[in-house]
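In the numbering used here, the protein residues as written are 77 to 398.
Glycine included, every Cβ here is placed at the ideal spot set by N, Cα and C.
If you're wondering where the values come from, they're calculated on a predicted model, not measured in any experiment.
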Ligand code: NAP
Ligand code: 8YV
């Protein structure tokens with residue numbers, strides 16, 4: 077097929093090789109992030125673009141959507157689509173797809189991994205060995221690495237018992253933890269106790285696991301009151317979006333001992349992480365790695381490609397969100 081006959085796709089940012097190869101073979105792809113003059117690119121190719129391929133970290137703004145008069149569909153590489161302007165899409169009848177389910181296991185695995193890392197102080201233990209401090213404590217083993225807490229027997233409150241939240245819950249049960257949850261509504265078919273109030277749940281649990289979507293309604297849903305309810309012996313793990321936690325309040329609570337600890341994969345202004353976190357012993361920091369495994373990213377990439385293919389074949393979208 078001649079390139080001119082291929083539908084035109086605007087690719088907002090880089091994607092894994094197999095996705096880029098698949099897009100290149102089926103479409104005429106315009107690489108937005110590589111353009112020195114992005115306005116000039118949109119002015120020249122924008123009128124013919126019928127699809128956008130993007131990712132959660134780059135999304136697609138109203139400003140871009142408005143420059144694509146023939147836009148039909150946006151395929152988002154990520155289940156969270158908070159960075160795509162859904163209102164602008166709805167106004168224009170632009171369809172949006174995401175990548176649900178294929179990443180549940182990977183994100184749940186990282187959430188539990190971060191909890192164990194924080195609780196058992198794995199990053200500090202690693203440093204302890206690397207810095208040659210093991211065995212250099214004057215022969216007194218008790219003066220070595222300090223004792224830690226453990227997950228066993230503790231209670232985790234899940235904020236957002238959805239696809240990923242349920243996978244986290246299953247894993248925490250295997251760790252002999254009690255699981256409770258908060259959401260906008262009770263899910264009668266789950267075995268876990270429901271809290272209608274997030275603050276009350278925070279007061280009752282040892283761990284708050286944040287895995288609800290980033291929306292205007294969830295912005296700073298984990299505020300100072302929730303963090304203080306969690307308390308000096310409590311910890312928060314966030315694998316959702318940075319926007320769900322009031323980061324300034326969290327930092328203050330961590331520094332003053334009003335909150336015991338935090339394990340964070342996401343941040344309010346990522347990739348920028350407030351340097352106040354860097355020197356804290358009671359935090360574990362991760363650069364938005366929830367879905368970042370070879371297998372999971374391949375599954376996400378395939379969904380991006382297959383959703384676009386379905387759209388252009390006139391078939392139903394596999395995983396539409398709008
Ligand atoms: P999901 O299946 O839609 O589950 C979301 C859950 O959040 C639902 O149980 C929902 O319950 C709850 N919720 C929604 N709005 C709420 C509100 N205002 N207050 C309280 N609870 C609310 O979503 P998912 O597939 O599990 O993904 C969840 C989020 O994880 C994504 O949106 C994304 O931002 C994030 N994520 C992060 C990574 C990473 O790499 N760190 C990877 C993948 C996903 P109700 O409807 O009953 O309220
Ligand atoms: C991705 C994510 O890292 O799926 C999501 O919502 O946050 C992650 O899987 C992200 O979308 C890629 O930018």
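Boundaries of the alpha helix (DSSP H) around residue 383: 370 to 389.
Beta-bridge pairing by DSSP links residue 364 to no other residue. When C-alpha distances from residue 338 are compared across 193, 362, 353 and 313, the shortest belongs to 313. Of the candidates 102, 235, 92 and 91, the residue whose Cα lies closest to the Cα of residue 388 is 102. Closer than 6 angstroms to some heavy atom of the ligand 8YV: that does not describe the Cβ of residue 181.
Not a single heavy atom of the ligand NAP lies less than 6 angstroms from the C-beta of residue 133.
Straight through space, the alpha carbons of residue 368 and residue 126 are spaced by roughly 29 angstroms. The secondary-structure analysis by DSSP pairs residue 84 across a beta bridge with 104 and 125. For residue 241, the enclosing alpha helix (DSSP H) begins and ends at 239 to 250. For residue 333 and residue 301, the gap between their C-alpha atoms comes out near 14 angstroms. If one requires a minimum length of 3 residues, the beta strand (DSSP E) runs lying completely within the segment 315 to 352 are 337 to 340, in chain order. For residue 362, the CB stays at least 6 angstroms from every heavy atom of the ligand 8YV.
The DSSP assignment places 125 to 131, 149 to 153 and 171 to 173 as complete runs of the beta strand (DSSP E) inside the segment 124 to 180, in order along the chain (cut-off: 3 residues).
Under the 8 angstroms Cβ criterion, the segment 172 to 192 counts as touching the segment 353 to 369, having at least three qualifying pairs.
DSSP places residue 203 within a helical segment (H, G or I) once states are collapsed to three.
Here residue 259 carries a coil assignment [DSSP, helix/strand/coil]. Beyond the five residues adjoining it in sequence on each side, residue 191 comes within less than 7 angstroms, by CB distance, of 227, 283, 313 and 339 in the same chain, given in chain order.
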